[in-house]
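Here's the structure, in structure tokens; my notes come after.
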Amino acid sequence: MPPLAFSAPATRRSRCRLLFPLLGLLGVLTHCTAHGAEPPNTEGGTLPLTRLLEMRNALPSKTLRVATIAPPERPLESAGNQVLKALSNQYLDLIGDQLGLTFERVELPSPQAAIQALLDRRIDLLPRASEFEAHEPGLILSQPYLDNQPIIVVATTTRACPRTCRANACWCWRTTCARPWSGKPTRRPR
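FYI, in mature numbering (1 follows the signal peptide of the UniProt record, and there is no 0) the residues of the sequence shown are -36 to -1, 1 to 154.
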């Protein structure tokens, strides 16, 4: 799963102090070193409870605005996209419960509009950021909170799969055939 994206404020350290409590309490630390701010010193990827409580108490007591991408024509979403959206919402709700934060969902028509709203500070968070957002100047991304890689499914007439899989449709993992199609969805082998 792509990381959360946050706008980089004029004072990067203050935004990182806001960012670390949001994600650090749940064991997800933000990578701020690329933006000139040093993350808190941690041992084994966790922070001491007293430090986490200090950071939580330093958070502003405002409702954080979270982008929700909702195209105007609202086409039917794929089941996978619905699952990822639900996981992102549950993850934010868990963060909110742990830190005593409230979130306001702000609907935006496209990912580009969400990025612009983030840079204009009309929203505070953009869940499910991608590599596209990673290259946008002025944004700070957290570490991914869900390991998610796309799977490509091809038909029997597609030459993207090796010949061994062309007898039937197959699941392909980054265009390399993972296993022959068995007639029911299967998980990608690890």
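Quick reminder that beta carbons are idealized off the backbone N, C-alpha and C, glycines included.
- Under the 8 angstroms Cβ criterion, the region 85 to 98 counts as touching the region 22 to 36, having at least three qualifying pairs.
- DSSP places Glu68 inside the beta strand (DSSP E), whose first and last residues are Phe67 to Leu72.
- A straight-line Cα-Cα distance of about 12 angstroms links Ala78 and Arg69.
- In the DSSP assignment, Ile33 falls within the unbroken beta strand (DSSP E) covering Leu28 to Ile33.
- Within the same chain, Cβ atoms closer than 6 angstroms to the Cβ of Glu71 are found at Thr32 and Ala34, the five residues on either side in sequence being excluded.
- Counting along the chain, Ile87 sits inside no alpha helix (DSSP H), nor does DSSP assign it H or E at all.
- By a beta-carbon distance limit of 8 angstroms, Leu63 contacts Arg20. Their separation comes to about 5 angstroms.
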